[in-house]
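Visitor: Here's a structure for you.
Protein chains in written order, with the numbering used here: chain A, 1 to 259; chain B, 1001 to 1014.
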């Protein structure tokens, strides 16, 4: 049997909202270590990797070595509309069961339950190498969200140029060119902090459609962390409630290759 | 704007 209780149900709601437009169906891989999810978008340009450690849950039980729960994202996000912001959520599945039961509770006054039919999803697991990035940028999620949204008005691609001292986001579109520079700002109040760590400068082009899609996970944490290496996928990481110990939602995006 | 690479060309099967 699998049973997990999360007092802050909105965390799961935000995770699903963050990935629902990228992936149609996903597998929840449950083990005694927690929940993992790995899925590609339908064009195989990006990859979502979720890790929820048991620390994020008030209660966590998985009797088998592993269980795979196939979820349709549209249905899950529909179910999570039932979940109020202050609700706790309990997920429960029998060992050979065909459903995942969600229970949303606020105190004992209001209890909602929905049994979701599980799907059999054929998914390929890719090996994500442990990468040390040449450039790491930590910036407020609201800033990331705003840059991606504003730049999408001018073009389809955005160049991220990370150098010592700061990071420049630029777009070159039909109506003209624009850029936004964020300075390395370690000594300001936490919510405005921008930390740019550079071993060697990196400049890469990415599709804004995907960068904007990842921004839907912004409510999950205050800061987002970008990892860049030459000619490798960009890593966009949201730590759950800004605590890596609880887990993270990571997106990887393949770069545009210059012709 | 360059050619979009596939994520599968970077992350192979484990």
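Every residue, glycine too, gets a C-beta built ideally from N, C-alpha and C.
What residue does the beta strand (DSSP E) around residue 163 of chain A start on, and which one ends it?
Guide: 157–163
Visitor: Using the rule of at least 16 other Cβ atoms within 10 Å of the residue's Cβ for burial, across every protein chain shown, is residue 103 of chain A buried or exposed?
Guide: It counts as buried.
Visitor: What's the gap between the Cα of residue 89 of chain A and the Cα of residue 62 of chain A?
Guide: 16 Å
Visitor: Going by CA-CA distance only, name the one from A/116, A/51 and A/45 that's closest to residue 38 of chain A.
Guide: Among A/116, A/51 and A/45, the Cα nearest to that of residue 38 of chain A is on A/51.
Visitor: Compare the Cα-Cα distances from residue 270 of chain A to each of A/59, A/218 and A/259 and report the closest residue.
Guide: One cannot answer for residue 270 of chain A here, as it falls past the ends of chain A, which runs 1 to 259.
Visitor: Can you tell me which of the three DSSP states residue 72 of chain A falls into?
Guide: strand
Visitor: Can you grab the Cα-Cα spacing for the pair residue 111 of chain A / residue 20 of chain A, in whole Å?
Guide: 25 Å
Visitor: At the level of alpha carbons, what is the spacing between residue 176 of chain A and residue 182 of chain A?
Guide: Spanning the alpha carbons of residue 176 of chain A and residue 182 of chain A requires a straight line of approximately 20 Å.
Visitor: Does DSSP classify residue 145 of chain A as helix, strand or coil?
Guide: It is helical.
Visitor: Checking contacts by CB at 7 Å: is residue 128 of chain A closer than that to chain B?
Guide: yes
Visitor: When DSSP labels each residue in this structure, what does residue 61 of chain A get in the three-state scheme?
Guide: strand
Visitor: Taking the alpha carbon of residue 133 of chain A as the reference point, which residue from A/234, A/3 and A/18 has its own alpha carbon closest?
Guide: A/234
Visitor: According to DSSP, what are the bridge partners of residue 101 of chain A?
Guide: A/92 and A/115
Visitor: Just to confirm, is the Cβ distance from residue 1005 of chain B to residue 207 of chain A under 7 Å?
Guide: A distance of 7 Å or more separates the beta carbons of residue 1005 of chain B and residue 207 of chain A.
Visitor: Hey, is residue 215 of chain A's beta-carbon within less than 7 Å of any beta-carbon in chain B?
Guide: No, no contact with chain B.
Visitor: Report yes or no: do three or more beta-carbon pairs, one from the segment 77–86 of chain A and one from the segment 28–35 of chain A, lie closer than 8 Å?
Guide: no
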